[in-house]
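Protein chains in written order, with my numbering: chain A, 9 to 623; chain B, 926 to 1259. Where a beta carbon is used, it is the ideal one built from N, C-alpha and C, also for glycine.
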């Protein structure tokens, strides 16, 4: 091979997508490239996308798994709309991702996988490598399987297992294209496969082989440079939302000075919260893998009754199953947090894809008049603070609280500047230890300002009492079927939740002077909305943008905010649930932008909707 | 030392079961038992689901929760796994424990969380006014089965032994000496204890247990299980139990080698023999074993959970938030 000179193009941002069969290790490849870019100093955002089946039939379209990452030299929010570089490990990966690649985009193709059987499985009648259909792209053909076999031949790994390293060969090639350091990946491999030295050696060899292949072959005439981003000084780490949410629960429990119990039943995409918490028993964390969703919420409620911080986590179908117990927590007025990592529904729906369609269920989806607070995380980093806020509300107001995340926040990664942990709020509470009505204890005497009832836990002498699902007499908490008392208690429970509006910050609006259009969102659409707004502003238009964390109750200035703009655009990954709430509460119209494709909004989609509103 | 009276465990709430209900007797038995203990009132927690039996916590002056249908074992699991020092009771019925809450019951038993489960079995839905329950006999005519129930009933003891519960017993509401003793043993057991209590519903299923409670009938049908003793029963002790081909069978004692009579061993590691005994009757319609079927020691969930916490703390130190959020590796931006 001859070494050729090549051109290096400096780019502000580049989007790379690794796509292959779900057995090809594309999530791992994407995560390694992401970490190398993070260490290099780029800002970034990722979008994993994988099938619901653990191993869909190899080589088929449903079996394609992909991982997209955008790296940038400045603050970015989204994983990007379209990949500048697509790595396609087989024909199915090419076929299912090609439509997203812009003309003149780069496609790195593993040619070894383009044989007749794989082409047929992907539904290709002719080999796209030969029929000219890829002419408008920059196609780099690499025989990755042969290269991998050659690279790992001295590692001790034999037979079919040799090909498992081909994902790292791909990482090596892309690392060279973008001038990423190999060291973070080598360190990771060495640690991860410490007990399997042959596998570690094979993976390192494949990674280096990919890098050297890029360096020494002629086909890469063109590489990119994405300089480090100017980020706010601080200590950064790379996180996914399930992880930060779990950490937020641990931090919230510490700030509340309560031991944490997390009871859950495995469900995609929430299980990683259970996995993460189970690793941290040294924080006094009790994880409880229950027999079903209903048991999980029951265990959490029992823990709260016993004076621990009871939390349960699930996805939409699980919330449906838990709803009877959530109502019990609501009428017994015990603190609890229910984490809902939303996914495409109804029913099993799109279990590995994202959606925001549980908003109305969270607010209204219970029997009886059953109001409760709902908070929503907007980014992986924000999940940490939102988890603490959910805990704060639960114990201060003695109520169950729903904490909404979704599949996108749960699995996508972004750099997170570590917070100053000494500044976390003190959200601790005090248990009732003395009688509160003469020499008696009445469990339903309320604190005047918050309307919260006291929390007296078993083991406290003299405060023995019974709670339950039957309606309570105001004050004593005894069972009461008195019609007027029921109405009074219903309204008291409602007022307690409404009153939280006084205890949450006003909605902050990022508004241009003279803007007449407001984009209002909640949850994981934050990144796409802000990216869309930036584009519109870059084109010289004026616009206002605001994002809700508290979706029930709303911040108390929300009505005046939405009334201050001629047009309110509400993008949501559902069929317009926040839009309905706004219309119902304030009797104003809003413009709803919806998408239910299991994918986040592209910035371009928000931009286009905004431009239509502005014109 | 504190001494209690039964009145110390009575609440100011009016007891609202039907006159003549077996629940009154069980309530008195439990209150008397609680009063005999040195455990302070505040350390008992009674959790119930829904049904007639589920009103129980309102009448006991301790901590308690009248929760929702079938879920009491799950809620009690949350208490027992976080506060192992508490005395946790579950009061449930045949519909609550074996129909809507069947899943929670078997898993609480499997995990062996420290709790005493009192299953009031009256073989009928009382609170909803008389539908057949999962323990009603096949053919039972009720409002929801006017032509006779076509379902095969659960035997609660068999279910509990199938879940490998570490303590399983059966007693009878009106036999206060026996039920007091069985409840004491269950409560002293370290782990999940299930006590099936035959409880007469005099309104919707009166005399369901007459074969083991009637003056004449009980002498014929009641098989008392006593650990370490050969199982012999009958009006004049003329019947015995032997194990044949792995199944318990009733034989005439006179025609049996005394060495073949089954010796009851509640501590047997395998629940198989106890299960065979539970199959002697599918309901209280003929000779029926009463007493402790199984009482074995097995590690409990909360002890193991606490041990993992201590082990993790010994190994990694008490949790530090900065370590937690830095675990993925960090980099500095100047």
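Could you give the C-beta distance for residue i and residue j, rounded to a whole number, given that I count them as a contact under 8 angstroms?
i, j, result
"residue 1093 of chain B", "residue 1107 of chain B", "Not confirmed; about 11 angstroms, so no contact."
"residue 161 of chain A", "residue 113 of chain A", "Not really, about 34 angstroms apart at Cβ, beyond 8 angstroms."
"residue 73 of chain A", "residue 108 of chain A", "Actually they do not touch by this definition, with Cβ atoms about 15 angstroms apart."
"residue 1145 of chain B", "residue 1133 of chain B", "Contact flag wrong, Cβ pair sits at about 17 angstroms."
"residue 381 of chain A", "residue 409 of chain A", "5 angstroms"
"residue 236 of chain A", "residue 49 of chain A", "3 angstroms"
"residue 601 of chain A", "residue 577 of chain A", "6 angstroms"
"residue 611 of chain A", "residue 532 of chain A", "Wrong, their Cβ atoms sit about 14 angstroms apart, outside the cutoff."
"residue 1216 of chain B", "residue 1095 of chain B", "7 angstroms"
"residue 546 of chain A", "residue 523 of chain A", "Residue 546 of chain A to residue 523 of chain A, Cβ: 15 angstroms. No contact."
"residue 677 of chain A", "residue 389 of chain A", "With chain A covering 9 to 623 only, the question about residue 677 of chain A has no answer from this structure."
"residue 1022 of chain B", "residue 1044 of chain B", "5 angstroms"
Indicate whether at least one CB of chain A lies closer than 8 angstroms to the CB of residue i.
i, result
"residue 1029 of chain B", "yes"
"residue 1100 of chain B", "no"
"residue 1020 of chain B", "no"
"residue 1040 of chain B", "no"
"residue 1203 of chain B", "no"
"residue 1251 of chain B", "yes"
"residue 931 of chain B", "no"
"residue 1059 of chain B", "no"
"residue 1233 of chain B", "yes"
"residue 1152 of chain B", "no"
Taking 8 angstroms as the CB-CB limit, is residue i close to chain B?
i, result
"residue 296 of chain A", "yes"
"residue 456 of chain A", "no"
"residue 291 of chain A", "yes"
"residue 239 of chain A", "yes"
"residue 475 of chain A", "yes"
"residue 160 of chain A", "no"
"residue 385 of chain A", "no"
"residue 17 of chain A", "no"
"residue 520 of chain A", "no"
Quick one: Cα of residue i to Cα of residue j, how far?
i, j, result
"residue 1131 of chain B", "residue 1069 of chain B", "18 angstroms"
"residue 439 of chain A", "residue 392 of chain A", "26 angstroms"
"residue 10 of chain A", "residue 220 of chain A", "The predicted model places residue 10 of chain A with a pLDDT of 42, which falls under 50 and marks its position as unreliable; any figure quoted below should be read in that light. Spanning the two alpha carbons is a distance of roughly 13 angstroms."
"residue 323 of chain A", "residue 283 of chain A", "15 angstroms"
"residue 982 of chain B", "residue 26 of chain A", "59 angstroms"
"residue 346 of chain A", "residue 579 of chain A", "25 angstroms"
"residue 939 of chain B", "residue 1126 of chain B", "19 angstroms"
"residue 12 of chain A", "residue 231 of chain A", "Because the pLDDT of residue 12 of chain A is 48, which lies under 50, any placement of that residue in the model is unreliable, and the question is left without a value."
"residue 193 of chain A", "residue 1085 of chain B", "52 angstroms"
"residue 151 of chain A", "residue 525 of chain A", "52 angstroms"
"residue 1219 of chain B", "residue 1162 of chain B", "23 angstroms"
"residue 1103 of chain B", "residue 1150 of chain B", "11 angstroms"
"residue 37 of chain A", "residue 997 of chain B", "47 angstroms"
"residue 268 of chain A", "residue 342 of chain A", "15 angstroms"
"residue 42 of chain A", "residue 321 of chain A", "28 angstroms"
"residue 1224 of chain B", "residue 1032 of chain B", "15 angstroms"
"residue 571 of chain A", "residue 591 of chain A", "11 angstroms"
Please name the residue or residues paired with residue i in a DSSP beta bridge.
i, result
"residue 22 of chain A", "A/79"
"residue 990 of chain B", "A/475 and B/972"
"residue 348 of chain A", "A/322 and A/412"
"residue 1118 of chain B", "B/1041 and B/1092"
"residue 423 of chain A", "A/246"
"residue 1126 of chain B", "B/1130"
"residue 1257 of chain B", "A/243"
Can you tell me whether residue i sits near the ligand SAH, meaning its C-beta is under 7 angstroms from at least one heavy atom of the ligand?
i, result
"residue 361 of chain A", "Although the ligand SAH was asked about, the structure shown includes no ligands whatsoever."
- Query: Between the segment 960-989 of chain B and chain A, which residues of the former have a C-beta closer than 7 angstroms to a C-beta of the latter?
  - Reply: 965, 966, 967, 968, 970, 982, 983, 986, 987, 988 and 989
- Message: Any C-beta of chain B within less than 7 angstroms: which residues of the segment 244-261 of chain A qualify?
- Response: 244, 245, 246, 247, 255, 258 and 259
- Query: At a Cβ cut of 7 angstroms, what residues of the segment 572-602 of chain A count as close to chain B, listed as they run along the chain?
  - Reply: Residues of the segment 572-602 of chain A with a C-beta atom less than 7 angstroms from some C-beta of chain B do not occur.
- Message: Using a Cβ-Cβ cutoff of 8 angstroms, what residues of the segment 934-952 of chain B are near chain A? List them in chain order.
- Response: Within the segment 934-952 of chain B, 936 and 938 place their CB atoms closer than 8 angstroms to a CB of chain A, listed in sequence order.
- Chain-ordered residues of the segment 305-330 of chain A with a beta carbon less than 9 angstroms from chain B: 305, 306, 307, 308, 309, 310, 311, 312, 313, 314, 315, 316 and 318
- Please list the residues of the segment 988-1006 of chain B that have a C-beta atom closer than 9 angstroms to any C-beta atom in chain A, keeping them in chain order. 988, 989, 990, 991, 992, 993, 994, 995, 996, 997, 998, 999, 1000, 1001, 1002, 1003, 1004, 1005 and 1006
- Using a Cβ-Cβ cut-off of less than 8 angstroms, list which residues of the segment 486-506 of chain A approach chain B; keep chain order. 486 and 487
- Message: Short of 8 angstroms Cβ to Cβ, which residues in the segment 36-48 of chain A face chain B?
- Response: 43, 46 and 47
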